[in-house]
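These notes concern the structure reproduced below.
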Amino acid sequence: MCNVEEKSDHRVIDLQGTLLGPLRLSVITPEIVRVQVGPTLSQHSYAVDGECSQDVDVDIEHDEALTSITTSALRIEVDSDGFIDMYKRDGTPVLCDYRGERSPLPRMTSAEQLALMEAEGHQAQKDTATSTREVVKQLHSDEHFYGLGDKTGFLDKRGYAYDNWNTDEGNQLESTTKLYKSIPFIIGLRSNVVYGIFFDNTYASHFDLGKESSEYFYYSAKCGPIDYYLIGGETMADVVRNYTFLTGRTPLPQKWTLGYQQSRWGYINESEVMTVAKTLRKFGIPCDAIHLDIDYMKGYRVFTTDPRRFPDLKKMANELKKRGIKVVVIIDPGVKMDPDYPVFTEGEKNHFFAMSPEGKTYINRVWPGESAFPDFGRAEVRDWWAHKQKFLTDNGVSGVWNDMNEPASFDGPLPADTVFYDEDRPSTIEQMHNVYGHNMARATYEGQKEQTGKRPFVISRAAYAGTQKYSTVWTGDNRSSWEHLRMSIPQLCNLGLSGFSFVGADIGGFLDDTTGELLSRWIEAAVFSPLFRNHSCVGTRLQEPWRFGEPTLSIYRKYVRLRYSFIDYLYDLFAKEEKTGLPVMRPLVMHYEKDEEVKNLNDEFLVGENLLVAPVLTPGTDHRLVYLPADNWFDFWTGERFEGGQYVVVKAGIDSLPLFVREGTILPLRVVTDSVDVSSENKITFKVWGDSATYLHYQDDGESFAYREGAFNTYQVKMRGRHAEVSLVHRGYAPLYERVDIEAGETTVSLTFDQQVQKYVRCPQ
Ligand code: GLC
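Add 252 to the 1-based position in the sequence shown for the working numbering, that's all there is to it.
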């Protein structure tokens, strides 16, 4: 039998004497309940900042057999053994603990058989869970799973098992269980319920989503607390909103960061970079940033430049800025062990690096050779690193790309007892590994913000739940293969459902040589990826679009230009995202969760709610089957109208991207320029699809935090039949569009702002 302890806070319920030991349930909001099991109940979270609970009405009933906690949305029941079941308020079961025993997968192999298999060079399949703490839940036949960040494989994770241990993985296969990021959050969807589980444990963790059994699924961790959140909601969008309420949302980015970015590991000197910039302009390919990979540094020492190859980074950055192109540079965590290098000596003197248990700076090898690893779990180390960003901003750098921050290490993994701090408390890599990249991104974000006062632009390879507050992410070292092009869609969609809205995969593929056809299809598929960057590995075939001749160059130009016409739509989505957590790129299941056709639809996605993208993902293809969900849809290019709820075959030659707009949509389309220049925004077109539609368009200075004090404009565009109305529903940013065009079918109406009536009115004929 278990007892309920009276607490002064009515939202916190402590139960003693369950089979599992002490159990605490905390009601965070009517739709979020935190569950903590075990004797060490209090710990701080890297994902959830501070106190984010709301004042909630909670009813608690308790008798010998059952404790039940009811909010306006949920009921949680805990039986006398400590098993926990979650119901909707109306009694519909949502998620129940599994009462049976687990039955691990039989593999039927002997050591001898395994040795033979390995002798041939094959790797034996292993069950990767090494758990001491686990939570097992009932599984239903209609259950589907999403989330877990950018794990490989398909959109629906049911039937697979994954690990969370940030890993530098250059060979991303469908069977790969761990990658660069650990986002221990899943969404479960059944025909009548949807829920989320966030397992806030930074140690190595494991999720088995119905691989081991069709009766249950489970999540477990090697160590650390059992601390998870049960997240409810009426819709999948509600669950994402609730999860990002807990772990934070991507802040509105600077507008130029939505532009095209050109990168390569191997832009070896200033003249190469300038040539790339000039060639982009020569071929009419808009571009907002060029990335400098590790080659710009002096012997790969972070916060230095190579004096021969990049003699004056600031001057180069200024030259590029004149052409509308910003510089983004890579910064890795590994600090070269070199007694003549101030970053190392400063870190060593202040004991800022991770240590061996004997108290010596721990050394492993990365690009600069033997290197030390800043201990980012400590506030003073993060501050030190934040101040270091000044070197970059003083040199005209506009964005920082954090790489190798799992952390990667060439001489084997860091030993389990390497000392890393959890804030003020000495801990080990076991606990701090999965938040290493998170804390590095946070330091980078804070440093950039402090130095520039602008919205920081950080890109990170490693992440934990909540890193979205500080950084964008990319999917790491993919390959120039059709398989990886296809995989990028579920990867980016699941990142979005896991709270990460600003995401991208290397366009064209990082490893291996791409082909003109693959690059063409990749730029089409990626045209709405929030992070829009072509990046490739040293030694691979050069991957800028002009290296492939025609028609690749023209196709590439067409889609980069299309992207620029949609920058305002993407920016509008980010302005909404900051308030709701809803991602830019969304799997169809997010808005059509009752539709069986979309539960594991991997080759289409939505951008916002109203734009459906169905890229071609196989070679030699000039038609494809597109599933259009309920609602009516227009072909973006031809205007042809289709009824939803059916498959249609569409023509998709090498230069075509099948794109559909939901009936009743208004899209803001921007004048295409070489780069995203907010100061030249004096005209916009609102294109209307259908007879009746409303749209809110957001505008601000595109870089500062002034919008948080109201320095933005919101335009409301309304279309009813043939009548269009554009009004300002919020005016806080001085520049307004001089002209607004409303395009509906064949007709275009031009409006100008009338100061007297404070509205847009028809231009005099
Ligand atoms: C890692 C990164 C890659 C980068 C390379 C060199 O492999 O994932 O993007 O180009 O390191 O810095």
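Don't be surprised by glycine CBs; every beta carbon is placed ideally from N, CA and C.
- The C-alpha of Glu829 is placed about 52 Å away from the C-alpha of Ala363.
- In this chain, the beta strand (DSSP E) harbouring Arg983 covers 975-983.
- Secondary structure at Val901: strand, using DSSP grouped into helix, strand and coil.
- A Cβ-Cβ distance of about 5 Å is found for the pair Asp883 and Arg914, placing them in contact under the 8 Å criterion.
- Within the chosen limit of 6 Å, the ligand GLC reaches the beta carbon of Asp655 through at least one heavy atom.
- Taking the Cβ atoms as the reference, Gly718 lies roughly 7 Å from Val300, within the contact range of under 8 Å.
- Asp309 is classed as exposed because its beta carbon has fewer than 16 other beta carbons within 10 Å across all chains shown.
- Distance between Leu771 and Asp545, taken at the CA atoms: about 21 Å.
- Take Pro477, set aside five residues on each side of it, and the residues of its chain with a beta-carbon closer than 7 Å to its own are Gln288, Gly290, Thr292, Gln295, Asn453, in chain order.
- Note on Tyr688: 16 or more other CB atoms within 10 angstroms of its CB, so buried under the neighbour-count rule.
- No residue range can be given for Asn423, since it is assigned to no alpha helix (DSSP H) and is classified by DSSP as neither H nor E.
- Within the chosen limit of 6 Å, the ligand GLC does not reach the beta carbon of Trp637 with any heavy atom.
- DSSP places Lys846 in the coil class of the three-state scheme, outside both helix and strand.
- Tyr447 places its beta carbon less than 7 Å from that of Val346.
- The C-beta of Val1013 has fewer than 16 other C-beta atoms within 10 Å across all chains shown, which makes the residue exposed.
- When the alpha-carbon of Phe912 is set against those of Thr946, Pro920, Leu864, the nearest one is in Leu864.
- By the neighbour-count criterion, in which 16 or more other beta carbons inside 10 Å mark a residue as buried, Gly751 falls on the buried side.
- Pairing Leu858 with Val878, the inter-Cα distance amounts to about 13 Å.
- In the three-state scheme derived from DSSP, where H, G and I count as helix and E and B as strand, Gln288 is classed as strand.
- 7 Å or more divides the Cβ of Gly440 from the Cβ of Glu386.
- As DSSP reads the structure, Glu329 sits in a beta bridge with Ser320, Asp337.
- Beta-bridge pairing by DSSP links Leu911 to Val865.
- Contact annotation, Gln720 with Arg501: C-beta distance approximately 7 Å; criterion of less than 8 Å satisfied.
- With a threshold of 6 Å, the Cβ atom of Trp517 counts as near the ligand GLC, since some heavy atom of the ligand is closer than that.
- At least 7 Å separates the beta-carbon of Arg773 from that of Val633.
- Annotation for Ser472: the continuous beta strand (DSSP E) segment containing it runs 468-473.
- Taking C-alpha positions only, Asn654 is separated from Thr890 by approximately 42 Å.
- Taking the CA atoms as reference points, Tyr673 sits about 8 Å from Ala606.
- Under the three-state reduction of DSSP, Ser931 is assigned to helix.
- With a cutoff of 6 Å, Gly896 does not count as near the ligand GLC, since its C-beta is closer than that to no heavy atom of the ligand.
- Checking the 6 Å criterion, the Cβ of Asp545 is within range of a heavy atom belonging to the ligand GLC.
- In the three-state reduction of the DSSP assignment, Thr502 falls in the coil class.
- Rounded to the nearest whole angstrom, the CA to CA distance from Val579 to Val587 is 22 Å.
- CA-to-CA, the gap between Gln951 and Arg991 works out to about 14 Å.
- The ligand GLC has no heavy atom closer than 6 Å to the beta-carbon of Asp402.
- Shortest Cα-Cα distance from Phe397 to any of Lys403, Leu391, Gln390, Lys409 involves Lys409.
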